[in-house]
Amino acid sequence: MRGRGPQPGDGDPGRSPREHGQPRSRRRPPITFQLLALDLDGTVLTPDLRVDERDVAALGRALAAGLHVVACTGRPFPGALPWVRRLGLVDPFVCYQGAQVRAVDGSMLLDHGVPHALAIEVVRWCRERGVHVQAYRDDQLLVEHDTPFGRAYSAHAGMPMHVVPDLDAAMGPTTPKVVIVAEQADVERMLPEVRQRWAGRLYAATSMPTYIEFTHVDSDKRRALQFLCERLGVSEAATVAVGDGRNDLPMLEWAGLGVAVADAAPEVLAAADRVIAAPGSGGIAALVGELLST
-8 MRGRGPQPGD GDPGRSPREH GQPRSRRRPP ITFQLLALDL DGTVLTPDLR
42 VDERDVAALG RALAAGLHVV ACTGRPFPGA LPWVRRLGLV DPFVCYQGAQ
92 VRAVDGSMLL DHGVPHALAI EVVRWCRERG VHVQAYRDDQ LLVEHDTPFG
142 RAYSAHAGMP MHVVPDLDAA MGPTTPKVVI VAEQADVERM LPEVRQRWAG
192 RLYAATSMPT YIEFTHVDSD KRRALQFLCE RLGVSEAATV AVGDGRNDLP
242 MLEWAGLGVA VADAAPEVLA AADRVIAAPG SGGIAALVGE LLST
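For what it's worth, this note's numbering labels the leading residue of the sequence shown as -8, then goes sequentially.
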């Protein structure tokens, strides 16, 4: 738990921060937050891909008050954009697990892809084990085989799957990320192995229980969010980041206020400064209300 100054929702100073879901920290003058960074799946979106209208309305009030609200998602750009628009967001956003920062019109502000040679190492490792693997080029989802795992990912992401004869030839010089899709137990079994195998060369994260996502070793949500904040003239201390997955940990630990949702991964809950209700329960709306009242 990181030390912070007073945060939205602080209560009676005679009670412990734990009772309020707040960080254990010394009190300092309150910070005016300027940017709210939101993971999408599991944070704003429910498992069945719904948004809470209370959250949408609250985000509209935040924007009207001058707060920057940005999405920070592992989703590819085409899979994120409809939700960014649904939420009424206008600022550039982080996609592809931090590999890219894009404007809503598609303009590229940051592009830090996995080099072809490294991507093919992962692809070949998966081929040898019969594991579903996919990559991307020009915002297209590329697979070598039409599998149930690929179809499930395609449906969830809201983007078509393109079957190609050879990912080696189809990917191009870089790909934003390489993704393994497998059963949750297999993901947990493979994750330590792949992290050790590509340590210092690739960043491997899990955004969903059935995904392992490989990005450039210097690409994650924290670095992409930091880039975006610098572009918008917002300091780390004035940033709020909200997420639920292990891939959200870097940005929650970096931001001035790191917020987890109630059903987040245990290590995310442990690292967060505070916890809000799960998606569909008005947690984002309540947080926005507190931010606007400070």
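Each residue gets a CB set at the ideal place from its N, CA and C atoms; glycine is no exception. If you're wondering where the values come from, they're calculated on a predicted model, not measured in any experiment.
By how many angstroms is the C-alpha of S98 removed from the C-alpha of A161? 23 Å
Can you find the residues in the same chain that come closer than 6 Å, C-beta to C-beta, to Q131, ignoring five residues on each side of it along the sequence? H153
If I measure Cβ to Cβ from T138 and keep anything under 6 Å in the same chain, skipping five residues before and after, which residues do I get? Excluding sequence neighbours, T138 sits near H123.
Secondary structure, alpha helix (DSSP H): runs of 4+ residues fully inside the segment 171 to 203: 175 to 188
Beta-carbon contacts of A268 that lie in its chain and below 6 Å, excluding the five residues immediately before and after: Answer for A268: A253 and G274, listed in chain order.
Any idea which residues DSSP pairs L27 with across the strands? V60 and V231
Please state whether DSSP places V122 in a helix, a strand or coil. coil
Environment of L158 [buried if 16+ CB atoms lie within 10 Å]: buried
State the DSSP-derived secondary structure class of H103, mapped to helix, strand or coil. Looking at H103 - three-state DSSP - the assignment turns out to be coil, as it is neither helix nor strand.
How would you call T285, buried or exposed, if buried means at least 16 neighbouring beta carbons within 10 angstroms? exposed
Does the contact criterion of 3 or more C-beta pairs under 8 Å hold for the segment 197 to 210 versus the segment 218 to 230? These segments do not touch.
Hey, how far is the Cα of V47 from the Cα of V134? 34 Å
If we ignore side chains and look at the alpha-carbon of each, how far apart do A277 and A190 end up? 39 Å
Look at A256 and R237 and say whether their C-beta atoms are less than 7 Å apart. In contact: A256 and R237 (Cβ atoms closer than 7 Å).
DSSP state of H147 mapped onto helix, strand, coil: helix
If we call anything under 7 Å between Cβ atoms a contact, is L109 one with W74? no
Alpha-carbon spacing of A246 relative to A215, whole angstroms: 12 Å
When G79, D43, G65 and P83 are compared against E221, the one with the closest alpha-carbon: It is P83.
C-beta atoms of L36 and A62 nearer than 7 Å: no
Buried or exposed: E204, going by 16 or more other Cβ atoms within 10 Å of its Cβ? Burial of E204 is indicated by the presence of at least 16 other C-beta atoms within 10 angstroms of its C-beta.
To the nearest angstrom, how far is the alpha carbon of D235 from that of T34? 6 Å
According to DSSP, what are the bridge partners of T206? Y194
Determine whether the beta carbon atoms of L219 and A56 lie at a separation below 7 Å. no
Close beta carbons around G163, own chain, < 6 Å, minus the five adjacent residues each side: R128
Taking just the CA atoms, how far does R180 sit from L223? Looking at the two C-alpha atoms, the distance is approximately 40 Å.
Using the Cα positions of A251 and P67, report the straight-line distance between them to the nearest angstrom. 22 Å
So the candidates are S272, D39, H107 and H136; which of them puts its Cα closest to the Cα of H147? The candidate whose alpha carbon is nearest that of H147 is D39.
For A143 and F24, what's the separation of their Cα atoms in angstroms? 38 Å
Residue burial classification, R265 (beta-carbon count within 10 angstroms, cutoff 16): buried
Specify the secondary structure class of V85 as computed by DSSP and reduced to three states. strand
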